[in-house]
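**Q** Dumping the structure here so I can ask a few things about it.
This is the structure:
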């Protein structure tokens, strides 16, 4: 018989109970990492800094700042485009932050 062919579950890292413990540990690590992400922020700007959007690592918009000088000369469509651009950039940065923090724990699953 080949070496190691007929070993029981105990020889393979504890069988199902060992796997459950590993899954529970991984779940706890994921929860802790996600909680930390909620506290971290990224900021994106558009219009040369006239629009600033701050987003948390768990994709919650925390702040939108519009420079009052922009409102003097801006039309509604331009303002909408700038805000939309800043929000999308902040979301992209937030997703990247989440992938950096959670990627090693998720085995590469996207967030």
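Residue numbers (this note's numbering): 22 to 132.
Glycine included, each C-beta is placed from N, C-alpha and C at the ideal position.
Every value quoted in this text rests on a predicted model; they were computed, and no experiment measured them.
1. Counting C-beta neighbours from all protein chains within 10 Å, is the total for residue 92 16 or more, i.e. buried, or is it exposed?
2. Name the residue from 79, 106, 45 whose alpha carbon lies nearest to the alpha carbon of residue 59.
3. Let me know the secondary structure DSSP gives residue 117 once reduced to three states.
4. So what's residue 84 in DSSP terms, helix, strand or just coil?
5. Using 8 Å for Cβ pairs, my map puts residue 108 next to residue 82. What's the rounded Cβ distance?
6. Take residue 119 and list the residues in its own chain whose beta-carbon comes closer than 8 Å to its own, dropping the five residues that flank it on each side.
7. Whole angstroms are fine: how far does the CA of residue 68 sit from the CA of residue 99?
8. Looking only at DSSP bridge pairs, what is residue 40 linked to?
9. Using the beta-carbon count (16 or more within 10 Å), is residue 76 buried or exposed?
10. How many whole angstroms separate the CB atoms of residue 112 and residue 72, which I take to be in contact at a CB cut-off of 8 Å?
11. For residue 94, report the span of its alpha helix (DSSP H) as first-last.
**A** Let's see:
1. Under this definition residue 92 is an exposed residue.
2. If we check each option's Cα against that of residue 59, 79 comes out closest.
3. Correct three-state label for residue 117: helix.
4. Residue 84: strand per DSSP, three-state reduction.
5. Indeed they touch by this definition, with Cβ atoms about 7 Å apart.
6. Within its own chain, the residues whose Cβ lies closer than 8 Å to the Cβ of residue 119, once the five positions on either side in sequence are excluded, are 58, 78, 79, 80, 132, listed in chain order.
7. When rounded, the distance between both Cα atoms is 10 Å.
8. Looking at the DSSP assignment, residue 40 forms no beta bridge with any residue, so it has no partner.
9. With 16 or more Cβ atoms within 10 Å of its Cβ, residue 76 is classed as buried.
10. Not really, about 14 Å apart at Cβ, beyond 8 Å.
11. 89-94 is the span of the alpha helix (DSSP H), which, as asked, contains residue 94.
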